[in-house]
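In order, the protein sequences belong to chains F and Z. To convert, count from 1 in the first sequence and add 409; that's the working numbering. To convert, count from 1 in the second sequence and add 409; that's the working numbering. Notes follow the structure.
Protein chains: 2
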Amino acid sequence: MTTRDDAPPPRRDPWELPDVSDLVIGVLGGTGDQGRGLAYRLARAGQQVIIGSRSADRARAAAEELGHGVQGEENAACASRSDVVIVAVPWDGHARTLTALRTELAGKLVVDCVNPLGFDKRGAYPIVPEEGSAAQQAAALLPDSRVTAAFHHLSAVLLQNPEIERIDTDVMVLGEDRDDCATVQAVAQLIPGMRGVFAGRLRNAHQVEALVANLISVNRRYKAHAGIRLTNI
Amino acid sequence: MTTRDDAPPPRRDPWELPDVSDLVIGVLGGTGDQGRGLAYRLARAGQQVIIGSRSADRARAAAEELGHGVQGEENAACASRSDVVIVAVPWDGHARTLTALRTELAGKLVVDCVNPLGFDKRGAYPIVPEEGSAAQQAAALLPDSRVTAAFHHLSAVLLQNPEIERIDTDVMVLGEDRDDCATVQAVAQLIPGMRGVFAGRLRNAHQVEALVANLISVNRRYKAHAGIRLTNI
């Protein structure tokens, strides 16, 4: 006999995402092109955003340029004051920056969007970090944080162009914890045109990061700022 | 002074692709799901298709089921009789199959669509071949062939469903030679809804192959048969 208590819990709707409007979003590397672009889009969507830099002065100057209430702080203060911290630093400063911020990032939801790439005369190619991916390196260096990966495939040019209202692209979100991924998906969806799509665990982050090398080839061939949509979902 | 002869050649339109209607398309591993699906779609679009298998009888039986003039042959005859040969064998037979067909594949345009993946209880994860990717392994094993990579992200379920008319997805095409890639792009575009998009050299094939692990995660979460579109091109 099946009683009501025996029934399996209803399947969770993968598109049902939490309200993230109260979360403060920090962007480490917020004075770089990708960081500025993300900060601009999230702030323009009404979110409280703090950009971090090694220099508090540079962070404040960049924040003032971006407008929309963006604040600037030295990296450590940016991490401490934020609920969700996007890591948008250059790959060659990735390990050093995160190691230095381990205490400030404890308990935070960290979103790594770093693409480890090398460049030579034939174009871009992926670098394989010892840990497997930038995101896995972040997870290894930040054992007290909740590490996810997302925002790899966005064009910094499009993000920063104030005349563009919508950016029609999907944001692949990777992570180990379903609620953490859902939060990051919801953050992505603050930006008009974007969907946040769960796309696997951190062990599958390398190819998502490395795919930027292909997008660079696409952009060169088609004179474009290509993004990615997942079809049929 | 600039004379007409000094002017650079006009930039080639990346969307201008050759007529491939006369090319015979072979599909090694044509009795598997991916191979059957591709053979079906290309034959239904009017192309001459030969599927190959280790067993000529199995190949012929599968060809008859597919209809649309598809023929079946043992792998070696399939390779010899085709102009473009799609490699859709399972990863664990990839090196063995290609090594055995080196002579028959000499001079042919080879299109590798194999995704080296492992599976465990947490899902799919990429396997990294010694050569870097399945496509680079094919290039190493087939020095007399023109090796490209494409057709990684197509759902075999959608390909094989005769009720589906269009498959709205992009086919990332990778390779070293522009004309070879253009031919493969044109083959992809035979299938309604598909675009063939150049997406880099073979050294950037691994992440394209491995991304199937992420699509499997997406499909599981969203109960979907996800594909990929490149936006803004």
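Glycine included, C-beta positions come from ideal geometry on N, C-alpha and C. This structure is a prediction, so every number in the text was calculated from the model and none was measured.
Using a C-beta to C-beta distance shorter than 7 Å, which residues of chain F count as neighbours of residue i?
i	result
HIS561 (chain Z)	Going along chain F, no residue has its Cβ under 7 Å from HIS561 (chain Z), so there is no contact; the nearest lies around 11 Å.
ASP577 (chain Z)	THR640
MET581 (chain Z)	ASN623
ALA558 (chain Z)	Simply none; closest approach about 11 Å.
Looking at the structure shown, is residue i part of a helix, part of a strand, or coil, going by DSSP?
i	result
VAL556 (chain Z)	strand
GLY532 (chain F)	strand
VAL627 (chain F)	helix
ASP431 (chain F)	coil
ASP501 (chain F)	helix
VAL617 (chain Z)	helix
LEU510 (chain F)	coil
LEU568 (chain F)	helix
LEU526 (chain F)	strand
GLN456 (chain F)	coil
ALA472 (chain Z)	helix
ARG612 (chain Z)	helix
ALA488 (chain F)	helix
ALA622 (chain Z)	helix
THR411 (chain Z)	At THR411 (chain Z) the pLDDT is 49, less than 50, meaning the model places this residue with poor confidence; the figure from the coordinates comes in the next sentence. Coil, per DSSP.
List the residues of chain Z whose Cβ lies closer than 7 Å to the Cβ of residue i, in chain order.
i	result
TYR534 (chain F)	ARG612, ASN613
SER542 (chain F)	None at all; the shortest Cβ gap to chain Z is about 11 Å.
HIS634 (chain F)	ASN641
Let me check one thing: in DSSP terms, what residues is residue i bridge-paired to?
i	result
THR578 (chain F)	F:MET603
SER462 (chain Z)	Z:GLU483
GLY584 (chain F)	F:THR557
VAL520 (chain Z)	Z:ILE495, Z:THR557
LEU437 (chain Z)	Z:GLY461, Z:VAL496
Give me the chain F residues within the contact set of residue i, using Cβ-Cβ distance strictly less than 9 Å, ordered along the chain.
i	result
ARG531 (chain Z)	ARG610, ARG612
ASP442 (chain Z)	Within chain F, no residue comes near ASP442 (chain Z); the closest Cβ sits about 17 Å away, beyond 9 Å.
VAL627 (chain Z)	MET581, VAL606, PHE607, ALA608, GLY609, LEU639, ILE642
ALA565 (chain Z)	Near ALA565 (chain Z) there are no residues of chain F at all, since even the closest Cβ is about 13 Å away, more than 9 Å.
ALA497 (chain Z)	The contacting residues do not exist; ALA497 (chain Z) stays about 20 Å from chain F at best.
ALA470 (chain Z)	Near ALA470 (chain Z) there are no residues of chain F at all, since even the closest Cβ is about 30 Å away, more than 9 Å.
ALA504 (chain Z)	None at all; the shortest Cβ gap to chain F is about 21 Å.
Could you spell out where the beta strand (DSSP E) holding residue i opens and where it closes?
i	result
GLY636 (chain F)	636-640
Determine the extent of the alpha helix (DSSP H) in which residue i is found, giving its start and end residues.
i	result
VAL596 (chain Z)	587-597
GLY446 (chain F)	442-453
ARG420 (chain F)	Premise fails: ARG420 (chain F) is in no alpha helix (DSSP H) and is neither H nor E.
ALA543 (chain F)	543-550
Which bits of chain F does residue i rub up against, with CB to CB less than 8 Å?
i	result
ALA622 (chain Z)	GLY609, ASN613, GLN616
SER554 (chain Z)	In chain order: nothing, as chain F lies at least about 21 Å away.
ALA548 (chain Z)	Ordered by position in chain F, no residue passes the 8 Å Cβ test against ALA548 (chain Z), which lies about 15 Å from the chain.
ALA402 (chain Z)	Since the first and last residues shown for chain Z are 410 and 642, residue 402 (chain Z) lies out of range.
Quick one: list the residues of chain C neighbouring residue i, beta-carbon separation under 9 Å, in chain order.
i	result
ARG450 (chain F)	Among the chains of the structure shown, chain C does not appear; the protein chains present are F and Z.
Quick one: which chain Z residues come within Cβ less than 8 Å of residue i?
i	result
PRO423 (chain F)	ARG630, TYR631
ALA485 (chain F)	Simply none; closest approach about 33 Å.
Run through chain Z and tell me which residues come within less than 9 Å of residue i, C-beta to C-beta.
i	result
ALA595 (chain F)	Result: empty, since nearest Cβ-Cβ is about 15 Å, beyond 9 Å.
(message) Closer than 8 Å is the cut-off here; do at least three beta carbon pairs connect the region 452-461 of chain F with the region 486-495 of chain F?
(response) yes
(request) Report yes or no: do the region 496-515 of chain F and the region 549-557 of chain F share at least 3 C-beta pairs separated by less than 8 Å? (result) Yes, since at least three Cβ pairs between the region 496-515 of chain F and the region 549-557 of chain F fall closer than 8 Å, the two stretches touch.
(message) Could you check whether the region 609-618 of chain Z touches the region 570-579 of chain F, counting it as contact only if at least three pairs of C-beta atoms, one from each stretch, sit closer than 8 Å?
(response) no
(request) Taking 8 Å as the threshold, find out whether the region 627-640 of chain Z comes into contact with the region 576-592 of chain Z through three or more Cβ pairs. (result) Touching, yes, given that three or more Cβ pairs across the two stretches are closer than 8 Å.
(message) Pairs of beta-carbons, one from the region 466-483 of chain Z and one from the region 514-521 of chain Z, closer than 8 Å: are there three or more?
(response) no
(request) Please determine if the region 590-601 of chain F and the region 424-435 of chain F are in contact, where contact requires at least 3 C-beta pairs separated by less than 8 Å. (result) yes
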